[in-house]
Amino acid sequence: MAKSSFPASHVRLKRAYESADADDGIRVLVDRLWPRGVSKEKADVAEWLKELGPSTELRKWFGHDPERWPEFQRRYKEELQARGEELDRLRELAKKETITLVYGAHDEEHNQAVVLRDVLIHGGGATSEA
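Each number in my numbering comes from the position in the sequence shown (counting from 1) with 415 added on.
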């Protein structure tokens, strides 16, 4: 996967529990599970790309443990390599307008959306500094 041809500012991150804003652009939920207690109206997502979330096995193994973060990033990026079509679709959207990757995790620094944003912007081989 190559480096993006859109500004990094075109890919934003937001928790599903935060209100949608007009400057969010296209909101895309990137969790395999719908966030608890969030109605479809409140989530206000244009799409739910479940397949871009980490596998159930990886999600359970990670358990949002910051000590497992480096290994989670590596494994999740590996999983994303099989999702080229979905990644390309998000990149095409980001070329035209802002997209916001919506996620349910409480930890804003150690979650799949952080990794996914990195992959979209830098390509599959990049290492996140987050």
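All residues carry an ideal CB built from backbone N, CA and C; glycine is no exception.
Kindly confirm or deny that the segment 496-504 and the segment 478-485 touch, where touching means at least three C-beta pairs closer than 8 Å.
no
Quick check: does the Cβ of Leu516 come within less than 6 Å of any heavy atom belonging to the ligand ADP?
The ligand ADP is not part of this structure, which contains no ligands at all.
Between Tyr518 and Val530, what straight-line distance do the alpha-carbon atoms span, to the nearest angstrom?
12 Å
What residue range is occupied by the uninterrupted alpha helix (DSSP H) comprising Leu531?
527-537
Here's the rule: buried if 16 or more other CB atoms are within 10 angstroms of the residue's CB, otherwise exposed. What is His425?
buried
In terms of residues, what are the limits of the alpha helix (DSSP H) holding Tyr491?
484-495
Taking 7 Å as the threshold (C-beta atoms), are Glu494 and Ser470 in contact?
yes
From which residue to which residue does the alpha helix (DSSP H) around Lys475 run?
471-477
Taking three-plus beta-carbon pairs below 8 Å as touching, is the segment 422-437 in contact with the segment 508-524?
yes
Beta-carbon separation of Arg442 and Val460 under 7 Å?
yes
Kindly indicate the opening and closing residues of the beta strand (DSSP E) around Arg430.
426-430
Three-state secondary structure (DSSP) at Glu433?
coil
To the nearest angstrom, how far is it from the Cα of Trp449 to the Cα of Ser420?
30 Å
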